[in-house]
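Structure record follows, encoded as structure tokens.
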Amino acid sequence: MNKYKITLLLISVFYSSFCSSGDTNTITYGYDKLSSEIYATNGDIKKTLKFKFDYTGNPSYSFDFFSNSPSIVADGRSLHDFTAYTTLKLNHSDFYFDCLYYDIKSKQNGMLVKEGVCGLNTVIPVNYAEYIEGKINDIEKDIDSLDTSLLVSGKIKYLPVVINHNANGLVYKIYESKDAFLNDNFSILVVKNNRDCEIFPDNPWIITENGKPFQEIEVKSEVMRNGKLILINASPKDFGINKCLLFPAFSVNVNKAFFYDSSFNAKKSYLIRDDKINLTAISNDGKWCSVNYLNDKNKTVKGTMLCSQLNL
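Position 207, counted from 1, in the sequence shown is what my numbering calls 377; the numbers after and before it change by one each time, with no gaps.
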């Protein structure tokens, strides 16, 4: 998001607005610069939310529309460069956060993430900045848990990152090479239990519905329309080869791969053959691998395993 473009827009007009159509009502959202308020009108009813633009802070805050939805936009530049779009909606007399979309580039490990989660259904708190930044900080910690130097140094040839996993299949991001990683070029691969493989190139967005299952995941492409960023349904591309077989997610290669404690004693917990993992680190001697395992309820289990028991 170019915050300078937003500034010029608001100098030109006193407010911006957009209509959102529901099943029976049309709600107009906008921002009134004179009163420093986000507003929503539905017929003769008008609700407002106090909101001031802040271009001096880091992150900065502004109001705009993201994919045709009214949004509070946070734009930060630090150890991570990010733009977060928190969309809002009017529900009866209260404004709610509906979705959080984030475009984050980590300066810690170079990862680029374009994702969103909808169905937040959270009443907008007075300290909305604390809420947004708390969410982004948690996401940044998760991004930085991956040791991408393994790819850059040549210890691994490609980098898969499992995003979502349950009984219906697997969704993961793939950097096909070191060059692809350094050029921020990733694809999303969707592997279903019938082994169908869908490939979405060119850095698409992954959108999930809060608390919903695998089939609710959407892969989106971004386009610009009238100077606004819009997400549209992405279409898988046929490359003539099965990239899910060419670039599989990292997995367990034995019947039981036990986790080990800090003294390298085997624990009772283990993964089974073909369980998919994210690799976060390899010991200097190449014996031990730190991994994150995303179970079929999308809960992360972290631990140490023998690298020899993994397909890397």
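From the three backbone atoms N, C-alpha and C, an ideal C-beta is built for every residue, glycine too.
Residue(s) in a DSSP beta bridge with P240: Looking up residue 240 in the sequence shown gives position 70. Answer by DSSP bridge pairing, in chain order: F235.
Boundaries of the beta strand (DSSP E) in which C459 is found, first to last residue: For the purposes of this step, residue 459 is taken as the residue at position 289 of the sequence shown. Start and end: W458 to L464.
Assigned exposure category for H250 - 16 Cβ within 10 Å defines buried: Translated into positions along the sequence shown, residue 250 becomes position 80. So H250 ends up on the buried side.
Span of the beta strand (DSSP E), counted from its first residue to its last, around D273: By one-based count along the sequence shown, residue 273 stands at place 103. Taken as a continuous stretch (DSSP letters only), the beta strand (DSSP E) holding D273 covers D264 to S276.
CA nearest to the CA of S239, picked from K222, I215, L270 and L219: Taking the sequence shown and counting its residues from 1, the one referred to as residue 239 is at position 69. Looking at the Cα atoms, L270 is the closest of the given residues.
Unbroken beta strand (DSSP E) run spanning G339, endpoints: As a working note, residue 339 is residue 169 in the sequence shown. Residues G339 to Y345.
Start-to-end residues for the beta strand (DSSP E) that takes in S357: In the sequence shown, the residue the question calls residue 357 occupies position 187. Where S357 is concerned, the enclosing beta strand (DSSP E) stretches over S357 to K362.
Residue interval of the beta strand (DSSP E) (run including F351): By one-based count along the sequence shown, residue 351 stands at place 181. Element bounds for F351: not the beta strand (DSSP E) but the alpha helix (DSSP H), K348 to L352.
Distance, S232 Cα to L180 Cα: Counting from 1 along the sequence shown, the entry for residue 180 is found at position 10. Counting from 1 along the sequence shown, the entry for residue 232 is found at position 62. Low confidence applies here, because L180 scores a pLDDT of 32, under 50, leaving its location unreliable; read the following figure in that light. Cα-Cα distance, rounded: 10 Å.
Beta-carbon proximity list for N412, same chain, < 7 Å, skipping 5 on both sides: Sequence index remark: in the sequence shown, residue 412 carries index 242 (1-based). C367.
Which listed residue (N212, L352 and L320) has its alpha carbon closest to that of K275: The residue labelled residue 275 in the question sits at position 105 within the sequence shown. When each option's Cα is compared against that of K275, the closest is L352.
Any C-beta of chain C under 7 Å from that of C477: Absent from the structure: chain C. Only one protein chain is present.
Buried or exposed by the 16-neighbour rule on C-beta atoms within 10 Å, applied to G200: Here residue 200 refers to the residue found at position 30 of the sequence shown. The residue in question, G200, is buried, as its Cβ has 16 or more Cβ neighbours within 10 Å.
Between the CA atoms of N448 and E388 - distance to the nearest angstrom: Indexing the sequence shown from 1 puts residue 388 at position 218. Indexing the sequence shown from 1 puts residue 448 at position 278. N448 has its alpha-carbon roughly 21 Å from the corresponding atom of E388.
Cβ neighbours of N465 in the same chain (closer than 8 Å, five flanking residues each side left out): The sequence position of residue 465 within the sequence shown is 295, counting from 1. Listed in chain order, the non-local C-beta contacts of N465 below 8 Å within the same chain comprise H335 and V471, local neighbours out to five positions each way being set aside.
N307 - DSSP class collapsed to helix/strand/coil: Reading the sequence shown from its first residue, position 137 is the one you call residue 307. Three-state result, N307: helix.
Pair within 7 Å by beta-carbon distance, D234 and Q278: Indexing the sequence shown from 1 puts residue 234 at position 64. Indexing the sequence shown from 1 puts residue 278 at position 108. Not a contact, by the Cβ cut-off of 7 Å.
Whole-number beta carbon distance between I442 and C477, since they are thought to touch under 8 Å: Residue 477 sits at position 307 when you count from the first residue of the sequence shown. Residue 442 sits at position 272 when you count from the first residue of the sequence shown. Their Cβ separation, rounded to whole angstroms, is 17 Å, which puts C477 and I442 out of contact at 8 Å.
Helix, strand or coil at L482 according to DSSP, with G and I counted as helix: As a working note, residue 482 is residue 312 in the sequence shown. Reduced to three states, the DSSP call for L482 is coil.
Expected contact under 8 Å - CB spacing of F429 and M475 to nearest Å: For the purposes of this step, residue 429 is taken as residue 259 along the sequence shown, with counting starting at 1. For the purposes of this step, residue 475 is taken as residue 305 along the sequence shown, with counting starting at 1. 6 Å between Cβ atoms; contact.
Rounded straight-line distance, which links the Cα of R247 to that of N228: Counted from its first residue, the sequence shown places residue 228 at position 58. Counted from its first residue, the sequence shown places residue 247 at position 77. Going by the C-alpha atoms only, they are around 7 Å apart.
Cutoff 6 Å; reference V361; Cβ partners in own chain excluding five residues on either side: If you number the sequence shown from 1, residue 361 lands on position 191. Around V361: G339, L340, C367 and C414.
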